[in-house]
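Residue numbers (UniProt numbering): 1 to 251.
Every residue, glycine too, gets a C-beta built ideally from N, C-alpha and C.
These numbers were taken from a predicted model, which means no experiment stands behind them.
Worksheet for the structure shown next.
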């Protein structure tokens, strides 16, 4: 069928107008839907805002869990350096059966030194046990390779005096009741090159006393110090004792 040119021109134009109109309607409907959806959505919940933005510490009313105590033991306090004033922990008091016949002079003691001090109760100075302490000390030094200590009567006098002080006062200490130190006592006895002192309490024999000192690092260091040259020992039996003192010298 033959159509005129006017007819062919107007039909496509009409179709284009219809398509454009339909597209415009679709866009209008889509825009209206988006707008209604935005208006109907509720704002972000306040609790969500706080959670996302909160960087402040918890308020005072908020309970805070207490920290769990550490399971590791607390550090122990550092031990004092007591090389020249070592102290032996007291043992239960025991009074040895020391008789006057066993009291002999320690080599190097001052002539006429008393071997007994009578009182109430009896306090006895045991020179025999002091001699045994020296023998056992030098035996231990020999095993270490140190030269034996010579007995100095001035150190013996100083050590004996301090053991008597402790026995009379009942105070187990390196300091004298008048505040004198071991070096003060050695100087009073005429010895000016004092090195160290060991004391003990409650040991019932010389072997037990030396073994106790050897078991303590501080006391052992004094006994086996190869730089020491002289020793004096005082042993006194009395209440709370026996009381033991070792004084060491450098010369």
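{"Query": "Would you decide whether residue 152 is buried or exposed? Buried here means 16 or more other CB atoms lie within 10 Å of its CB.", "Result": "buried"}
{"Query": "Look at the Cβ atom of residue 237, then the Cβ atom of residue 124, and state whether they are nearer than 8 Å.", "Result": "yes"}
{"Query": "Would you call residue 185 buried or exposed, if buried means 16 or more other Cβ atoms sit within 10 Å of its Cβ?", "Result": "buried"}
{"Query": "Along the chain, where does the beta strand (DSSP E) that runs through residue 210 open and close?", "Result": "Counting along the chain, residue 210 falls outside any beta strand (DSSP E), though it belongs to the alpha helix (DSSP H) covering 206 to 214."}
{"Query": "Taking the beta strand (DSSP E) that residue 125 belongs to, which residues open and close that run?", "Result": "123 to 125"}
{"Query": "With respect to the alpha helix (DSSP H) encompassing residue 220, which residues constitute its N-terminal and C-terminal limits?", "Result": "217 to 223"}
{"Query": "Using 10 angstroms around the beta-carbon of residue 194, count the other beta-carbons present and answer buried if the total reaches 16, otherwise exposed.", "Result": "buried"}
{"Query": "Using 8 Å for Cβ pairs, my map puts residue 136 next to residue 230. What's the rounded Cβ distance?", "Result": "At roughly 17 Å, the Cβ-Cβ gap does not stay under 8 Å, so residue 136 and residue 230 are not in contact."}
{"Query": "Based on the DSSP secondary-structure assignment, which residues constitute the bridge partners of residue 247?", "Result": "197, 232"}
{"Query": "For my contact list, residue 133 and residue 210 are in at a C-beta cut-off of 8 Å; report their separation, rounded to the angstrom.", "Result": "6 Å"}
{"Query": "Going by CA-CA distance only, name the one from 224, 200, 232, 147 that's closest to residue 157.", "Result": "232"}
{"Query": "Within 10 angstroms of its Cβ, does residue 161 collect 16 or more other Cβ (buried), or is it exposed?", "Result": "buried"}
{"Query": "Starting from residue 157, trace the alpha helix (DSSP H) in both directions and tell me its first and last residue.", "Result": "153 to 169"}
{"Query": "Apart from the five residues just before and just after residue 175, which ones in its own chain have a Cβ nearer than 8 Å to its Cβ?", "Result": "181"}
{"Query": "In the DSSP assignment, what are the bridge partners of residue 150?", "Result": "230"}
{"Query": "Starting from residue 258, trace the alpha helix (DSSP H) both ways and give me its first and last residue.", "Result": "Residue 258 cannot be examined here, being either before or after the span of the chain that is shown, 1 to 251."}
{"Query": "Output yes or no for whether 8 Å exceeds the beta carbon distance between residue 163 and residue 234.", "Result": "yes"}
{"Query": "Do residue 139 and residue 246 have their CB atoms nearer than 8 Å?", "Result": "no"}
{"Query": "Below 7 Å CB to CB, which residues in the same chain sit around residue 99 once its five sequence neighbours on both sides are set aside?", "Result": "Summary for residue 99: the model assigns pLDDT 34, below 50, so the residue's position carries little reliability; its value from the coordinates is reported in the next sentence. Closer than 7 Å at Cβ, skipping near neighbours: no residue."}
{"Query": "Measuring straight from C-alpha to C-alpha, what distance separates residue 130 and residue 167?", "Result": "16 Å"}
{"Query": "Which residues in the same chain as residue 224 place their Cβ atom closer than 7 Å to its Cβ, once the five residues preceding and following it in sequence are excluded?", "Result": "140, 141, 144, 146"}
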